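Count the sequence shown with our numbering and you get residues -5 to 179, in order.
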Amino acid sequence: MLKKIIIGVVTVFLAFCSILIVKQHIRYPRGTEVVYAMQEPFTIGPFQLEVTDVEGLSLTEFCDLYDLHMKEEDFDASYNIQVILVRLRVTNQSENEQNVPFSGVMISSPDYANSIELFSAMDINDIGQEGLVLQPQETREILLPYIEYGDSYGVAEGSLLDQVPLRLSFRLYPEKTVVKLNDLW
């Protein structure tokens, strides 16, 4: 009897999820991609966003600049570890305070994607456990650090920004919103 109840509950749950997925795809039959350039403002939800700058640093330069305690000596030198540091201007355009979900912003190339180095981002932007909360109409510049391994991209030495097409993905569906970080795309 218990087995039949469990099977029934699972069946109802799967049917409910299937209906929601079908409704979502009917509403948005095919995702689109909107591409922005650096220093071009765009809006997602209650936020106006603008990628204002990007730079590549060695891990040691990054740690020395922000007094962090990771060093390249702790890693195999053949990895060609670099930090892609993205400066993002965020404005809360709503009438309520908003928590900025910056941790979901991905950096990607045609073959590889990576997420933000969250703990470093919290340290260098003075963000506590509550996250980044903006008051109505408040604007703040934040730094998004991405620790990248050159060997993941096939780059043994030199800057990833000069050799690999990179972009940030802010949202994936129904409208994929991306910003090109260099002119290699």
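Beta carbons: idealized from backbone N, C-alpha and C, even for Gly.
Bear in mind that the values here come from a model prediction, so they are computed numbers and not experimental data.
Scanning the segment 36 to 97 from its first residue to its last, the whole alpha helix (DSSP H) runs of 4-plus residues come out as 53 to 60. Within the same chain, and ignoring the five residues on either side of T37 in sequence, the residues whose Cβ sits closer than 8 Å to its Cβ are L43 and Q87. L112: member of the alpha helix (DSSP H) spanning L112 to I118, first to last residue. By the CB criterion at 9 Å, S97 and S109 fall inside the cutoff. Cβ-Cβ separation between E27 and V172: approximately 7 Å, consistent with a contact (criterion under 8 Å). Sixteen is the threshold: when 16 or more other Cβ atoms of the shown chains lie within 10 Å of the Cβ of G144, as they do, the residue is buried. Three or more pairs of CB atoms, one per stretch, sit closer than 8 Å, so the segment 46 to 55 contacts the segment 74 to 91.
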